[in-house]
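Sequence order for the protein chains is A and B. According to the working numbering, the first sequence is numbered sequentially starting from 45. According to the working numbering, the second sequence is numbered sequentially starting from 45. Even glycine gets a Cβ: it sits at the ideal position worked out from N, Cα and C. Presented below is the structure to which this report refers.
There are 2 protein chains.
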Amino acid sequence: MRRRDFVMRAAAAGGYGAALTMLHALGLSPDVARAAPPRDPTVGRGRRVIVLGGGMAGLVSAYELEKAGFAVTVLEARGRVGGRNWTVRGGDRIDSLTAAGQDVTFDPGQYFNCGPARLPSHHHTILGYCRELGVPLEVEVNASRSAYVVRKDGRRVRMRQVVNDTRGHVAELLAKMTNQGALDAHLEGVDRTRMLDFLRMYGALGEGDAYAGSTRAGFSQAPGAAGQGGIALPKLSLADVTDPSMRLAHVFEEDVDMQPTMFQPVGGMDQIAKAFARALDGRVCNNCIVRAVACDATGATVTWREGRDTRSQRADFVISTLPAPLLARLPCNFSAPFAQALRAVVLDGSCKIGWQAPRFWEREDEIYGGLAYMDHEVRFLWYPSAGLHSETGVLLACYNAGPGGVAFGKKSLAAQLASSRAAVELAHPGKSRLLSKPVVIVWRDQPFSEGPWARLPTDSPVYAKLNEPDGRVYLAGDWLTHISGWQEGAAVSAHRAVNAIAARTRADNLTAPV
Amino acid sequence: MRRRDFVMRAAAAGGYGAALTMLHALGLSPDVARAAPPRDPTVGRGRRVIVLGGGMAGLVSAYELEKAGFAVTVLEARGRVGGRNWTVRGGDRIDSLTAAGQDVTFDPGQYFNCGPARLPSHHHTILGYCRELGVPLEVEVNASRSAYVVRKDGRRVRMRQVVNDTRGHVAELLAKMTNQGALDAHLEGVDRTRMLDFLRMYGALGEGDAYAGSTRAGFSQAPGAAGQGGIALPKLSLADVTDPSMRLAHVFEEDVDMQPTMFQPVGGMDQIAKAFARALDGRVCNNCIVRAVACDATGATVTWREGRDTRSQRADFVISTLPAPLLARLPCNFSAPFAQALRAVVLDGSCKIGWQAPRFWEREDEIYGGLAYMDHEVRFLWYPSAGLHSETGVLLACYNAGPGGVAFGKKSLAAQLASSRAAVELAHPGKSRLLSKPVVIVWRDQPFSEGPWARLPTDSPVYAKLNEPDGRVYLAGDWLTHISGWQEGAAVSAHRAVNAIAARTRADNLTAPV
Numbered sequence: 045m046r047r048r049d050f051v052m053r054a055a056a057a058g059g060y061g062a063a064l065t066m067l068h069a070l071g072l073s074p075d076v077a078r079a080a081p082p083r084d085p086t087v088g089r090g091r092r093v094i095v096l097g098g099g100m101a102g103l104v105s106a107y108e109l110e111k112a113g114f115a116v117t118v119l120e121a122r123g124r125v126g127g128r129n130w131t132v133r134g135g136d137r138i139d140s141l142t143a144a145g146q147d148v149t150f151d152p153g154q155y156f157n158c159g160p161a162r163l164p165s166h167h168h169t170i171l172g173y174c175r176e177l178g179v180p181l182e183v184e185v186n187a188s189r190s191a192y193v194v195r196k197d198g199r200r201v202r203m204r205q206v207v208n209d210t211r212g213h214v215a216e217l218l219a220k221m222t223n224q225g226a227l228d229a230h231l232e233g234v235d236r237t238r239m240l241d242f243l244r245m246y247g248a249l250g251e252g253d254a255y256a257g258s259t260r261a262g263f264s265q266a267p268g269a270a271g272q273g274g275i276a277l278p279k280l281s282l283a284d285v286t287d288p289s290m291r292l293a294h295v296f297e298e299d300v301d302m303q304p305t306m307f308q309p310v311g312g313m314d315q316i317a318k319a320f321a322r323a324l325d326g327r328v329c330n331n332c333i334v335r336a337v338a339c340d341a342t343g344a345t346v347t348w349r350e351g352r353d354t355r356s357q358r359a360d361f362v363i364s365t366l367p368a369p370l371l372a373r374l375p376c377n378f379s380a381p382f383a384q385a386l387r388a389v390v391l392d393g394s395c396k397i398g399w400q401a402p403r404f405w406e407r408e409d410e411i412y413g414g415l416a417y418m419d420h421e422v423r424f425l426w427y428p429s430a431g432l433h434s435e436t437g438v439l440l441a442c443y444n445a446g447p448g449g450v451a452f453g454k455k456s457l458a459a460q461l462a463s464s465r466a467a468v469e470l471a472h473p474g475k476s477r478l479l480s481k482p483v484v485i486v487w488r489d490q491p492f493s494e495g496p497w498a499r500l501p502t503d504s505p506v507y508a509k510l511n512e513p514d515g516r517v518y519l520a521g522d523w524l525t526h527i528s529g530w531q532e533g534a535a536v537s538a539h540r541a542v543n544a545i546a547a548r549t550r551a552d553n554l555t556a557p558v
Numbered sequence: 045m046r047r048r049d050f051v052m053r054a055a056a057a058g059g060y061g062a063a064l065t066m067l068h069a070l071g072l073s074p075d076v077a078r079a080a081p082p083r084d085p086t087v088g089r090g091r092r093v094i095v096l097g098g099g100m101a102g103l104v105s106a107y108e109l110e111k112a113g114f115a116v117t118v119l120e121a122r123g124r125v126g127g128r129n130w131t132v133r134g135g136d137r138i139d140s141l142t143a144a145g146q147d148v149t150f151d152p153g154q155y156f157n158c159g160p161a162r163l164p165s166h167h168h169t170i171l172g173y174c175r176e177l178g179v180p181l182e183v184e185v186n187a188s189r190s191a192y193v194v195r196k197d198g199r200r201v202r203m204r205q206v207v208n209d210t211r212g213h214v215a216e217l218l219a220k221m222t223n224q225g226a227l228d229a230h231l232e233g234v235d236r237t238r239m240l241d242f243l244r245m246y247g248a249l250g251e252g253d254a255y256a257g258s259t260r261a262g263f264s265q266a267p268g269a270a271g272q273g274g275i276a277l278p279k280l281s282l283a284d285v286t287d288p289s290m291r292l293a294h295v296f297e298e299d300v301d302m303q304p305t306m307f308q309p310v311g312g313m314d315q316i317a318k319a320f321a322r323a324l325d326g327r328v329c330n331n332c333i334v335r336a337v338a339c340d341a342t343g344a345t346v347t348w349r350e351g352r353d354t355r356s357q358r359a360d361f362v363i364s365t366l367p368a369p370l371l372a373r374l375p376c377n378f379s380a381p382f383a384q385a386l387r388a389v390v391l392d393g394s395c396k397i398g399w400q401a402p403r404f405w406e407r408e409d410e411i412y413g414g415l416a417y418m419d420h421e422v423r424f425l426w427y428p429s430a431g432l433h434s435e436t437g438v439l440l441a442c443y444n445a446g447p448g449g450v451a452f453g454k455k456s457l458a459a460q461l462a463s464s465r466a467a468v469e470l471a472h473p474g475k476s477r478l479l480s481k482p483v484v485i486v487w488r489d490q491p492f493s494e495g496p497w498a499r500l501p502t503d504s505p506v507y508a509k510l511n512e513p514d515g516r517v518y519l520a521g522d523w524l525t526h527i528s529g530w531q532e533g534a535a536v537s538a539h540r541a542v543n544a545i546a547a548r549t550r551a552d553n554l555t556a557p558v
């Protein structure tokens, strides 16, 4: 029996649900979460999809829908594409829902990524688009052993001290236990000699298997010519390395999404969004603010404001990438459970602050890219990875989220700037006076975003509900994936929505009267 | 008493040695191993220095001597500057003392750094020259969590597994000991609760303080949309992570000279040498092979071959940067102890092999830069850090040294290439067929180098002896520093030689008849 006949019989017997079941059985399931979208341009022939929102999920949706033969319209409220993928440069304007707007006054060539600013090497979907669309990438330095870990009292140590003195201490403690025989029952076939050999090497242990410090942690006297040998820094104490303030420094760069090698597009993250917009030439309508979605049995009608006009268009399907709270506020005829789920989504709060400055961190601290971990409400300093050795750069001096980010976002602009300056002063005494031309991004105050990402557990009923279509409306966005807050999440969510629509279109075609 | 009078009286009383002692006392010591060279152009007025060798030590010496007002001639045996700082491109020729020469046939834009290929961010002398001379730098990816560690039997794991599963195991073992109270006597004021909090976070411990694996080590199923959660890879065993074959993977990237952030000049390491040559416009004489050095009480005469001609020049001082065994073979009137010390220096053996290839490591393995650690005689694969996402790159597939490097260098070219191919096949099954256009550098076979660096302990009498001038001849080179094998060492050694000559010139001037 040919596949088509098989599906048609199943559909005739049980309708759409049965046809979907058959599609599952045939490996055509729309639920394969990382399946590539269809590249057969006949799939969507004669069908139209309206995509709400021209952020990454919307752009990827539209791009893939076009490849699958669908007619596409993208409605984007802002005058630019990208959504949270947003790079500001001198001359740009930053609006706010609650505070005064800011004019960006950076020098030419300087930029700041207000939203995403790094790409891990295993986020192959978004990296694949960079390759496909010709977006040049460069290395983003996400971890530098020269970067500081800074305590509230201003004490600062380098990451090479944290990493290597920690190794020294844990190795010394384990060597003591191994030598005492206390570990014999736990070594799983590794004998004491091998364990000790490992620990001595791993922790740079010295005489008596004690850790006396190591040049891995850096030098108090740099090695030089002739008689000048390098002298290791005094080691951090066990109390230092187990201090709760070190937590971020210990775990951040080993998070699988933060590990090297990482990338950034040359010239700003928005190069990705702009490349999609070029590929979608004419299908992205900017300054179109969605006002309503009305769904029926055969399609949906979307109404929007464009300048002073109100327009509407009918389509076979809608993919909404709007943040859930914004979609929840629109008059849409969603089912009650779907509407209720939308209203249950809460967005997080996150703030970023960037300053233009001469590169004192390079000249005086030998810090080239990477992050400083601050025991301070701004959490991070983040040094620019590009333009190394040039005069000027944009230093990030605040990136917080969660309750701390929400609270920080409620402060006045003046208080936010003062806090950011104080953090720079703590890490780089005497240097905060060199900071100029700040930009402050409070994501909860950003029109059309109202937050950096959703706080939505992937095991919640709300998450499950919103991952299913409501009538002919599908949702897409990073927050509907296990890669929330990343462009990769936006892309795989878009793929899933496109696959689902393609599968349903195939099913519709198969079950249509012959 | 004015400083000049003070020194003159001392000199009058005790001669040159006493004057030097006074210079020490005044903080003008030539032995300050990382002191900046003089920038006063009157210091060397009317004095000439001949520099033997146009590698990094020679170029830095000449550049600084000029700033201090000395007249300078650099004699370089090769047709290019840089010495071991050497980048090959299509059209270049690689000569050998023992094997057939090789023609480099890389495509345009491809290159291979035969010698140094990375700059640590704390090597501020050489980085300072890059800034001063306008040599653009880019990030060199020296550590990637995606890179493989490959065992002899072909089993390969990713660096993220090695690093994070090791942390998991050591944290689990220490948590067991902490819970048993076995560490109580060793926790140096850290209580059990704090220690356990630290270990759980550090090692990603799970239930019962056991390490059950972590997504820090990577995924067996990548996280995706909707219901597709990420699933961690099965953890490596304690036996795996303590395996002696893991040694290099555990320690290499925490060596203080190998830690991120690291750099490479855009377009090849030789951009640094070329920038010095431009700054020394006309003072570097290529194709000049030194034949003899004759020193007397007031200066030295250097004789060299230039094509078919023999030439000689007299100078007040000589700085020789020639490898010790090469200088030892020349007819020079060195003192017996100095000549004996020169003859005692042994050069190491090191080999590098590069292949042009399509970037299968990026497309199929998500490896962008960084090193693979091979339990194989080639030791490393090293992936290109530039041109990410382009079609073609040059893959290093051999970089060994020490006894292994010496032995590898004695193999036939065919055997070397076969070994290198086999290593690539081990790390990337099926891919070695894509390798083409190899270049093999055996440093012991390189004319005018005869080795990659010296094997010379910094606490040996030979090292001490050669760090002192013999008459008016000074030596400079990375091997005379505690930063052997690095361009930074070459630079600080050059600074020391220039400082010593400048101090001696000042002393000569002070003690000359008024």
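Which partner residues does LYS396(B) have in the DSSP bridge list? Residue mapping note: residue 396(B) aligns to position 352 of the second sequence, counting from 1. Paired residue(s): TYR443(B) and ILE485(B).
For PRO267(A), which residues in the same chain have their Cβ closer than 7 Å to its Cβ, ignoring the five residues on either side in sequence? Within the first sequence, the letter at position 223 stands for residue 267(A). Once the five neighbours on either side are set aside, the close Cβ partners of PRO267(A) are GLY273 and GLY274.
Rounded to a whole number of angstroms, what is the C-alpha to C-alpha distance between ARG358(B) and GLU406(A)? On the second sequence, position 314 is the one that residue 358(B) refers to. On the first sequence, position 362 is the one that residue 406(A) refers to. If I take the Cα positions, the gap works out to 43 Å.
Thinking just about the alpha-carbon of each residue, which of THR347(A), VAL362(A) and LEU391(A) is nearest to the one in GLU494(A)? Numbered from 1 along the first sequence, position 450 holds the residue referred to as residue 494(A). Looking at the Cα atoms, LEU391(A) is the closest of the given residues.
Are any of the Cβ atoms in chain B nearer than 8 Å to that of SER429(A)? Locating residue 429(A) in the first sequence gives position 385, where the first residue counts as 1. Interface residue, yes.
Cβ pair ALA321(B), VAL87(B) closer than 8 Å: The count along the second sequence starts at 1 and reaches residue 321(B) at position 277. The count along the second sequence starts at 1 and reaches residue 87(B) at position 43. Contact: no.
Going by beta-carbon coordinates alone, are THR347(A) and ARG335(A) separated by less than 8 Å? Counting from one through the first sequence, the residue named residue 347(A) turns up at place 303. Counting from one through the first sequence, the residue named residue 335(A) turns up at place 291. Contact: yes.
C-beta atoms of SER537(B) and GLY521(B) nearer than 8 Å: Position 493 of the second sequence holds residue 537(B). Position 477 of the second sequence holds residue 521(B). Going by C-beta atoms, SER537(B) is nearer than 8 Å to GLY521(B).
Where does ASN511(B) fall in DSSP's three states? Here residue 511(B) refers to the residue found at position 467 of the second sequence. Looking at ASN511(B) - three-state DSSP - the assignment turns out to be coil, as it is neither helix nor strand.
Any beta-carbon of chain C closer than 8 Å to the one on ASN553(B)? The structure shown contains no chain C; its protein chains are A and B.
Who are the neighbours of THR259(B) on chain A, taking C-beta pairs under 7 Å? Your numbering for residue 259(B) matches position 215 in the second sequence. The contacting residues are VAL300.
For LEU240(B) versus ALA256(B), is the C-beta spacing smaller than 8 Å? Position 196 of the second sequence, counted from the start, is the residue given in the question as residue 240(B). Position 212 of the second sequence, counted from the start, is the residue given in the question as residue 256(B). No, they are not a contact pair.
Rounded C-beta distance between ARG349(B) and ILE333(B)? I'm assuming under 8 Å. Start at 1 with the first residue of the second sequence, and residue 349(B) comes out as number 305. Start at 1 with the first residue of the second sequence, and residue 333(B) comes out as number 289. Yes, they are in contact, since the Cβ atoms of ARG349(B) and ILE333(B) sit about 5 Å apart, within 8 Å.
Given GLY98(B) as reference, the closest of GLY127(B), PRO82(B), PRO402(B) and ARG202(B) once Cα atoms are compared: The sequence position of residue 98(B) within the second sequence is 54, counting from 1. Among GLY127(B), PRO82(B), PRO402(B) and ARG202(B), the Cα nearest to that of GLY98(B) belongs to GLY127(B).
Taking Cβ-Cβ distances shorter than 8 Å, what residues in chain B pair up with PRO367(A)? As a working note, residue 367(A) is residue 323 in the first sequence. What PRO367(A) touches in chain B: nothing, since even the nearest Cβ is about 17 Å away.
Straight-line CA distance for PHE263(B) to MET203(B)? The residue labelled residue 263(B) in the question sits at position 219 within the second sequence. The residue labelled residue 203(B) in the question sits at position 159 within the second sequence. If I take the Cα positions, the gap works out to 13 Å.
Starting from GLY172(B), trace the alpha helix (DSSP H) in both directions and tell me its first and last residue. Against the second sequence, residue 172(B) aligns to sequence position 128. Per DSSP, GLY172(B) belongs to the alpha helix (DSSP H) from 168-177.
Determine the closest residue to PRO278(B) out of GLN205(B), ALA317(B) and VAL337(B), with distance taken between C-alpha atoms. Numbered from 1 along the second sequence, position 234 holds the residue referred to as residue 278(B). For the residues GLN205(B), ALA317(B) and VAL337(B), the minimum Cα distance to PRO278(B) belongs to GLN205(B).
contact_flag[the region 149-163 of chain A, the region 368-375 of chain A] where n(CB pairs < 8 Å) is 3 or more: no
Give, in chain order, every residue of the region 214-233 of chain B whose Cβ lies closer than 7 Å to some Cβ of chain A. Correct list: VAL214, LEU217, LEU218, LYS220, MET221, ALA226, LEU227, HIS230, LEU231, GLU232 and GLY233.
Quick check on DSSP: helix, strand or coil for ALA121(A)? Within the first sequence, numbered from 1, the residue matching residue 121(A) stands at position 77. Correct three-state label for ALA121(A): coil.
Would you call ARG540(A) buried or exposed, if buried means 16 or more other Cβ atoms sit within 10 Å of its Cβ? Working through the first sequence from its first residue, we reach residue 540(A) at position 496. Result: buried.
Can you give, in chain order, each stretch of the beta strand (DSSP E) that sits fully within the region 247-288 of chain B and has at least 3 residues? 263-265
Indicate whether at least one CB of chain A lies closer than 8 Å to the CB of ASN511(B). As a position in the second sequence, residue 511(B) is number 467, starting the count at 1. Using a CB distance cut-off of 8 Å, ASN511(B) counts as an interface residue toward chain A.
Check whether GLY398(A) and LEU440(A) have beta carbons under 8 Å apart: As a working mapping, residue 398(A) is identified with position 354 in the first sequence. As a working mapping, residue 440(A) is identified with position 396 in the first sequence. Closer than 8 Å, so yes.
Keeping to the same chain, check which residues put their C-beta closer than 8 Å to that of ARG83(A); ignore five residues upstream and five downstream. Stepping through the first sequence from its first residue, residue 83(A) is reached at position 39. Within the same chain, ARG83(A) has close Cβ partners LYS111 and ALA112.
Consider the Cβ of VAL536(A): report whether some Cβ of chain B lies at a distance smaller than 8 Å. Position 492 of the first sequence holds residue 536(A). Closer than 8 Å to some Cβ of chain B, the Cβ of VAL536(A) qualifies, so yes.
Cβ-based neighbour list, LEU366(B), same chain, cut-off 6 Å, excluding 5 preceding and 5 following: Along the second sequence, one-based indexing puts residue 366(B) at 322. Contacts found: LEU96 and GLY97.
At the level of alpha carbons, what is the spacing between SER476(B) and LEU371(B)? Here residue 476(B) is taken as the residue at index 432 of the second sequence, counted from 1. Here residue 371(B) is taken as the residue at index 327 of the second sequence, counted from 1. Separation of SER476(B) and LEU371(B) (C-alpha to C-alpha, rounded to the nearest whole angstrom) is 42 Å.
Hey, does ALA270(A) have any beta-carbon neighbour from chain B nearer than 8 Å? Position 226 of the first sequence holds residue 270(A). With 8 Å as the cut-off, ALA270(A) counts as an interface residue toward chain B.
According to DSSP, what are the bridge partners of PHE424(B)? Looking up residue 424(B) in the second sequence gives position 380. The partner list for PHE424(B) (beta bridge, DSSP) reads TYR417(B).
Against chain A, does THR525(B) count as a neighbour if the rule is that its beta carbon must be under 8 Å from one of theirs? Within the second sequence, the letter at position 481 stands for residue 525(B). Cβ-Cβ to chain A under 8 Å: yes for THR525(B).
Under 8 Å, do LEU109(B) and ALA270(A) count as touching if we go by C-beta distance? As a working note, residue 109(B) is residue 65 in the second sequence. As a working note, residue 270(A) is residue 226 in the first sequence. Contact: no.
Could you give the first and the last residue of the continuous beta strand (DSSP E) run that contains PHE307(B)? Locating residue 307(B) in the second sequence gives position 263, counting from the first residue. Taken as a continuous stretch (DSSP letters only), the beta strand (DSSP E) holding PHE307(B) covers 306-309.
Beta-carbon separation (whole angstroms), ALA471(B) vs TYR192(B), contact threshold 8 Å: For the purposes of this step, residue 471(B) is taken as residue 427 along the second sequence, with counting starting at 1. For the purposes of this step, residue 192(B) is taken as residue 148 along the second sequence, with counting starting at 1. So it is a contact: roughly 5 Å between Cβ atoms.
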